[in-house]
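Read through the structure below, which is laid out as structure tokens, and then see the notes.
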Amino acid sequence: MTFPKLHLVHILLLILSFSTMKVKSQNNKASKNHKHQVDSLLNKMTLKEKVGQMVQYSGGWDLTGPAKSKNNKLKKEQISNGLVGSMLNVTSVEQVREAQKLAIKKSRLKIPMLFGYDVIHGYQTMFPVPLAEAASWNLELMKKTAEASAEEATAAGINWTFAPMVDISQDARWGRIMESAGEDPYLNTQVALAKMNGYQGDDLSDPQTMAATAKHFAGYGFIIGGREYNSVNIGEFELHNTILPPFKALAINGVATFMNSFSDMDGIPATASHRLQTEILKEKWGFNGFIVSDWDSIGELEEHGVAENSADAARIAVNAGNDMDMQSNAYAEHLVKLVQDGKVSEKRINDAVSRILNQKFQLGLFDDPYKYCDTTREQEVVYSKKLQKLAYEAALESIVLLKNDDQILPIANEKKSIALIGPLADDKNTPLGNWRGRAKKNSAVSVLEGLKNKLPKTTELTYHKGVDFIKGGESFMTPLQINQKDDSKIQEAVEIAKNNDQVILVVGESAFQSGEGRSQADISLPGLQKQLVKSVYQANPNIIMVLMNGRPMDISWSADHIPAILETWHLGSQAGNAIADVLLGNYNPSGKLPVTFPRNSAQEPLYYNHKNTGRPKANANEVIYSHYNDVKDGPLFPFGFGLSYTSFEYGDISLNKDSFFKGGEIIAEINITNTGKRKGEEVVQLYIRDLVASITRPVKELKDFKKIKLNAGETKTLQFSITEKDIEFYTINRKWESEPGEFKLMIGGHSKDLKTASFNFTTD
Ligand code: NOJ
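Mapping of the sequence shown onto my numbering: residues -6 to 757, in sequence order.
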């Protein structure tokens, strides 16, 4: 190999491009800097080849957005000429090898490509959707499922996942809430780190780990009205205090890549935002990975009305800090000329390409571009028994018991006959959820199958679908017809309900009702399901409702009437087995809601960590406070809520002192007792309220939690340490800092049932 001579200006540009990055400590051991190798390769590259590294195309057969570049022949030609840095949606060892071979065998510099894919809750084995899994509050488990997803996806050729999504999601109308860890910044941050560590491991060059992506930077979860792709209008303080924390944690802990957002915030599309991408992410936080656009989000700058044409869009995006172009063609078509015309500096290109190449070195792709292309490993790992076992364990822990009047659950052994009713009861597809990677259609264990697997032979089980509520929407982009009108079979279901001891009703949302492009104005039970629930209830009120859904739903009528409700989300491949085990008491449910459930769709966005306002409720007999006239105040089920088959009692909080200084800490201690008759798990949650501050602060904010196991009758004493970092926020000084004053401390089993204490923080 011959190395072209380095030009002095070139060297200076390179030095400059690295010196503009204020690299801070990178805690994730997977993150390394390969500056020397990157520089020497960069020096051999033509401008065209550099721009090529900034181009990402989708394989044509698994689209996750509107296709712009369908021409596979042209893509292959470009890969062969070294003009494509990465592909997405190319899956399986065979397909990845074929594409990689073009880059390695045919291109001049033989730079391997990255293969990205939406491994959101598994590759072919489906773990619970992220919102469901967050309900486990088990960070170790979430790390394990990310590790397992990486193991499975890398066995199928993939080396980069577009996960975790860390958009704080307060609005249940937004379909993508199912991809998030819910409404709370602290929980989201903890989950994000667990996920990143699971995907990336300690060493990205290990062929069982993959690069992760923090997305969507930033604000997507705050689209107005929860209407997909809408604008965001939030202020600077909300941005810093609510939206940015999980992103910042991932950036400073070594996440490999960021993806920006489709949305515009206060007039500036995220893809065009220099402030977000360059000033905050790269300069302030010292992020040294690269930023990929979202699907055609560069092209969409034209639709947003901030770019005149595709060339203009490329110029704006690259100058704002966006490094790789997913699928818009704008970089491929215009970047070279933009540099030649002096509208984009080569320094910026070098910076972007260095970041991309650095990730390729980290993954070890230059040592072996086919390291993820082992067919034997693919056969052994994909959908293996080991993965199924973990999917089952994760499903168990993600289930939340919302209601259990008269301990109707778990189902008593003496029940001799069970009517299993509902459109989702024998559904093997819905539990797979949206963003299901390469999951095989209808591969989940249905509730009917789960019950057949687990019920004693002496129990008679009769199944009836009741209604169909949905048609279409069988894949990622196709529209749904939600409100099917045929109620002719409801009466048959009612008759079955009458003739059985126990009814299990399985209702909710279909898989593709949540996810991208799946916002809903009405989040109550769709179609004729409400009618089905009411009719069955009249015939036999002894009902356990099993809810399947990707978002919080308005189930107010059911919550008032149905004695037991089990939130089972879209639980993944092993859904039915896990649900059956919870119904039958083989597992004691331990999940807690990571999102608030409303009483009515129109209350959305509804979230526990809201501001107090100038008019909170003061007097029961007056209306002049912040509320709706026509809906009861507050949530149907609050954030953090979830029952168990046992019960827990909290003692009072005791503090080792009532105030602390900078650098100090307060220890809060609390006793929790299992007062029921069986062992169980409890998520003990700690919240803080800053009573007076320079800006308005939430009425409470989650700051810590511990998931503990308690035997019947057992008491455990838990200690929590509170330090300055727990009270810091983005203050009126536009700095992340603490303010002295009085704070309320709250500990309990959910956000509405808390023991309280107070403490002071002093600076003098
Ligand atoms: C668009 C989605 O917004 C993003 O999350 C996803 O990773 C890309 N499409 C690729 O499928």
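We put the beta carbon where it would ideally sit given N, CA and C, even for glycine.
query	result
Residue environment, residue 563, which counts as buried when at least 16 other CB atoms sit within 10 Å	buried
Neighbour-count burial assignment, residue 708, 16 or more Cβ in a 10 Å radius	exposed
Contact test: residue 293 Cβ vs ligand 1 heavy atom, cutoff 8 Å	no
Backbone secondary structure at residue 738 - three-state DSSP	strand
For residue 504 and residue 427, believed in contact at Cβ under 8 Å, the rounded distance	6 Å
Buried/exposed call for residue 191, threshold 16 Cβ in 10 Å	buried
Per-residue DSSP class, three states only, for residue 444	helix
Integer-rounded CB distance, given that residue 540 should sit under 8 Å from residue 447	Not really, about 19 Å apart at Cβ, beyond 8 Å.
Residue 667 - partner residues in DSSP beta bridges	641
Candidates 316, 269, 257: closest to residue 294 by CA position	257
Inter-residue spacing [alpha-carbon to alpha-carbon] between residue 366 and residue 99	18 Å
Neighbourhood of residue 617 by C-beta, 8 Å cutoff - its chain only, sequence neighbours within 5 removed	608
Cβ distance (whole Å) where residue 346 is taken to contact residue 319 below 8 Å	With 8 Å as the limit, residue 346 and residue 319 do not qualify as a contact, their Cβ atoms being about 16 Å apart.
Pair within 9 Å by beta-carbon distance, residue 30 and residue 283	no
Check whether residue 753 and residue 691 have beta carbons under 9 Å apart	no
Enclosing beta strand (DSSP E) for residue 753 [first to last residue]	746 to 755
Three or more C-beta pairs below 8 Å linking the region 134 to 141 and the region 449 to 458	no
Buried versus exposed call for residue 344 [16 or more other C-beta atoms within 10 Å across all chains shown]	buried
Length of the line joining the Cα atoms of residue 224 and residue 527	38 Å
Contact check, residue 742 vs residue 677, beta carbons under 9 Å	yes
Pairwise C-alpha distance: residue 315 and residue 15	Annotation note: pLDDT 30 at residue 15 (below 50); position unreliable, no value reported.
Selection from 430, 79, 379, 260 that minimises the alpha carbon distance to residue 358	79
Own chain, CB closer than 6 Å to residue 512, minus 5 neighbours either side, in chain order	166, 167, 168, 219, 220, 221
Rounded straight-line distance, which links the Cα of residue 712 to that of residue 561	31 Å
Burial state of residue 571, where buried means 16 or more other Cβ atoms lie within 10 Å	buried
Those residues which DSSP pairs with residue 711 across a bridge	663
Distance, residue 66 Cα to residue 157 Cα	32 Å
Sufficient close CB pairs (3 or more, under 8 Å) joining the region 680 to 694 to the region 659 to 672	no
Residue range of the unbroken beta strand (DSSP E) whose run includes residue 455	453 to 457
Residue interval of the alpha helix (DSSP H) (run including residue 553)	549 to 554
Among 646, 290, 215, nearest to residue 748 - alpha-carbon criterion	646
Classification of residue 727 by the beta-carbon crowding that lies within 10 angstroms, buried from 16 upward	exposed
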